[in-house]
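Following: one structure in structure tokens, then a few remarks.
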Amino acid sequence: MNFDITEEQKMMQQTARQIGERFGLDYWRQKDAAKEYPSEIWQAICDAGIAGMMVPPEHGGLGLGLVDLALCIEELCRAGAGATLSQMFMLNPVFGGVAIALYGTEAMKRDCLPGLCDGTCTFSMALTEPDAGTNSLAMKTQARKVAGGWEISGQKIWITGVAASKKMLIVARSQPVSEKRTRGISLFMVDTAREGITHTPLDKVGTNTLPSSVVYLDKVFAADSEVIGTVDAGWPQLLDILNCERIVTTAGLVGGGGLAIRLGVDYARDRKVFGDRAIGSYQSLQFPLAQHWAELELARLMNLKAASNFDRGLPFGTESNAAKLIASQAASGAAERAMQVMGGMGYSKDFHVERLWRDARLFRFAPVSEEMILNYISTVNLGLPRSY
Ligand SMILES: Cc1cc2nc3c(=O)[nH]c(=O)nc-3n(C[C@H](O)[C@H](O)[C@H](O)COP(=O)(O)OP(=O)(O)OC[C@H]3O[C@@H](n4cnc5c(N)ncnc54)[C@H](O)[C@@H]3O)c2cc1C
Numbered sequence: 065m066n067f068d069i070t071e072e073q074k075m076m077q078q079t080a081r082q083i084g085e086r087f088g089l090d091y092w093r094q095k096d097a098a099k100e101y102p103s104e105i106w107q108a109i110c111d112a113g114i115a116g117m118m119v120p121p122e123h124g125g126l127g128l129g130l131v132d133l134a135l136c137i138e139e140l141c142r143a144g145a146g147a148t149l150s151q152m153f154m155l156n157p158v159f160g161g162v163a164i165a166l167y168g169t170e171a172m173k174r175d176c177l178p179g180l181c182d183g184t185c186t187f188s189m190a191l192t193e194p195d196a197g198t199n200s201l202a203m204k205t206q207a208r209k210v211a212g213g214w215e216i217s218g219q220k221i222w223i224t225g226v227a228a229s230k231k232m233l234i235v236a237r238s239q240p241v242s243e244k245r246t247r248g249i250s251l252f253m254v255d256t257a258r259e260g261i262t263h264t265p266l267d268k269v270g271t272n273t274l275p276s277s278v279v280y281l282d283k284v285f286a287a288d289s290e291v292i293g294t295v296d297a298g299w300p301q302l303l304d305i306l307n308c309e310r311i312v313t314t315a316g317l318v319g320g321g322g323l324a325i326r327l328g329v330d331y332a333r334d335r336k337v338f339g340d341r342a343i344g345s346y347q348s349l350q351f352p353l354a355q356h357w358a359e360l361e362l363a364r365l366m367n368l369k370a371a372s373n374f375d376r377g378l379p380f381g382t383e384s385n386a387a388k389l390i391a392s393q394a395a396s397g398a399a400e401r402a403m404q405v406m407g408g409m410g411y412s413k414d415f416h417v418e419r420l421w422r423d424a425r426l427f428r429f430a431p432v433s434e435e436m437i438l439n440y441i442s443t444v445n446l447g448l449p450r451s452y
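According to this note's numbering, the residues represented by the sequence shown are 65 to 452, in order.
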């Protein structure tokens, strides 16, 4: 067991931190208020090679691993973005990069991976449906076999970044539900601008720089060459992709939670209301922040273990889910407590914590809810019967 970070990784962390600091808190405050896609920082991330970090060199990337990427995401989110920036890594290096690298055809790799690396190709992922929700296998979106490809029809909800994406990973049922519900699911990588795809943004609490939309799929044609993975056997392949999504999410929560704690601590050091003692000297303000700091550090270790397992081809589902469970609770708790520490100023847009508070709350139920992670641990790790 080796917990050391290499010199190369330290340099990558430094590069990520510098980019994060160059944009900083005010950039994110302004983007959040304007509900604008953070294209400038994403371009800087691409230019530094971070978006394509895991992409093989022959397709324009650095050929590094998920541990390296997680270390960079932590720094980028800690430097000012908060956890929402991790969503851009879910969409692009994971739903685009990991999906194509693991399950895409050679032609898809040639077409999409260089664009992922340089920022000219962006991605979204459409799994969730209004009536199915957490019970994804109850999806109604159908892919019907036609000459040369598939015709996809259905409705998706909460699809993030769709308006800014060039490609969308669509999950659909290619066979009617059978006794084995996980059979008959297929994955498709299609152009978002394709005929039959329309979308409408939802009004939401936070993560405003990345709109989430209802997506309507009306007889969308996907060529056979746009299938990702194995027809009808896409479900386990999707789970591999989604478990990587958890790792990227957790890295963002570790960074975003750390940022909230820093803002709370900086404020508490200076603010005096009873005489000369700063409010940061009160244990009632210190302890909750210290508690969340400890939780974030533990989630980080488990997350890096998950990422290392992924890089070494070992199972990583338990580690990635457990880390995400604790990180999401700790990061939203940290933002909540940082706001409490700041009193009224925590509620002001000028002090940034309110954005972190709104954004962090999302990750307790998305991309996977804490209840579903506890269900997973109960059945897979504790061996208890499934409750639903
Ligand atoms: C801002 C945002 C962005 C998103 N981005 C995307 C995206 O890009 N692509 C995509 O496909 N999806 C996306 N999602 C969807 C997200 O993954 C789902 O919202 C999430 O999986 C929960 O589904 P639901 O909202 O339908 O909740 P529901 O399924 O209705 O669940 C409601 C509550 O019941 C609990 N619950 C349900 N079943 C059980 C059970 N068996 N045991 C215990 N508790 C249970 C849940 O944990 C939750 O707390 C996004 C969601 C949001 C809010």
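Glycine is no exception: its CB is placed at the ideal position from the N, C-alpha and C atoms.
Between residue i and ligand 1, is the CB less than 7 Å from at least one heavy atom?
| i | result |
| --- | --- |
| Glu435 | yes |
| Met232 | no |
| Lys268 | yes |
| Ala453 | The structure shown does not extend to residue 453, since the chain is modelled only from 65 to 452, so the question has no answer here. |
| Asn439 | yes |
| Phe338 | no |
| Ser57 | Nothing about residue 57 can be reported from this structure: the residues present for the chain run from 65 to 452 only. |
| Leu191 | yes |
| Met429 | Position check: residue 429 holds Phe in this sequence, whereas Met was assumed. Yes, the beta carbon of Phe429 sits closer than 7 Å to at least one heavy atom of ligand 1. |
| Ile311 | no |
| Gly197 | yes |
| Leu353 | no |
| Val432 | yes |
| Ile216 | no |
| Leu61 | A query on residue 61 cannot be resolved here, the shown segment of the chain reaching from 65 to 452 and no further. |
| Thr224 | yes |
| Ser276 | yes |
| Ser188 | yes |
| Leu426 | yes |
| Tyr101 | no |
| Thr453 | No information on residue 453 is available, as it lies outside the stretch 65 to 452 that the chain covers here. |
| Tyr280 | no |
If residue i sits next to residue j, beta carbons under 8 Å apart, how far is it from one beta carbon to the other, in whole angstroms?
| i | j | result |
| --- | --- | --- |
| Gly344 | Ala358 | Gly344 to Ala358, Cβ: 18 Å. No contact. |
| Arg310 | Ser188 | No, Arg310 and Ser188 are not in contact; Cβ-Cβ is about 18 Å, not under 8 Å. |
| Ile305 | Val162 | 6 Å |
Is the beta carbon of residue i less than 8 Å from the beta carbon of residue j?
| i | j | result |
| --- | --- | --- |
| Thr256 | Val226 | yes |
| Cys181 | Cys136 | no |
| Gly319 | Cys141 | yes |
| Leu360 | Ala391 | yes |
| Leu251 | Leu233 | yes |
| Ile216 | Val284 | yes |
| Leu281 | Thr186 | no |
| Ala190 | Val279 | yes |
| Gly113 | Leu126 | yes |
| Gln151 | Thr246 | no |
| Glu85 | Gly146 | no |
State the start and end residues of the unbroken beta strand (DSSP E) segment that holds residue i.
| i | result |
| --- | --- |
| Gly218 | Gly213 to Thr224 |
| Pro265 | Ile261 to Pro265 |
According to DSSP, which residues form a beta bridge with residue i?
| i | result |
| --- | --- |
| Ile343 | The partner list for Ile343 (beta bridge, DSSP) is empty, contrary to what the question assumes. |
| Ser276 | Thr224 |
| Met232 | Ser188 and Val254 |
| Phe153 | Its beta-bridge partners do not exist; DSSP assigns none. |
| Val210 | Gly213 |
| Phe285 | Glu215 |
| Val291 | Phe252 |
| Arg237 | Gln206 and Ile249 |
| Ala297 | Ile249 |
From which residue to which residue does the alpha helix (DSSP H) around residue i run?
| i | result |
| --- | --- |
| Lys336 | Here Lys336 belongs to no alpha helix (DSSP H); instead the beta strand (DSSP E) covers Lys336 to Phe338. |
| Lys204 | Unbroken run through Lys204: none, as it is neither H nor E. |
| Ser396 | Gly381 to Met406 |
| Pro178 | Glu170 to Asp182 |
| Leu378 | Segment: none, Leu378 is in no alpha helix (DSSP H) and carries neither H nor E. |
| Tyr440 | Glu434 to Tyr440 |
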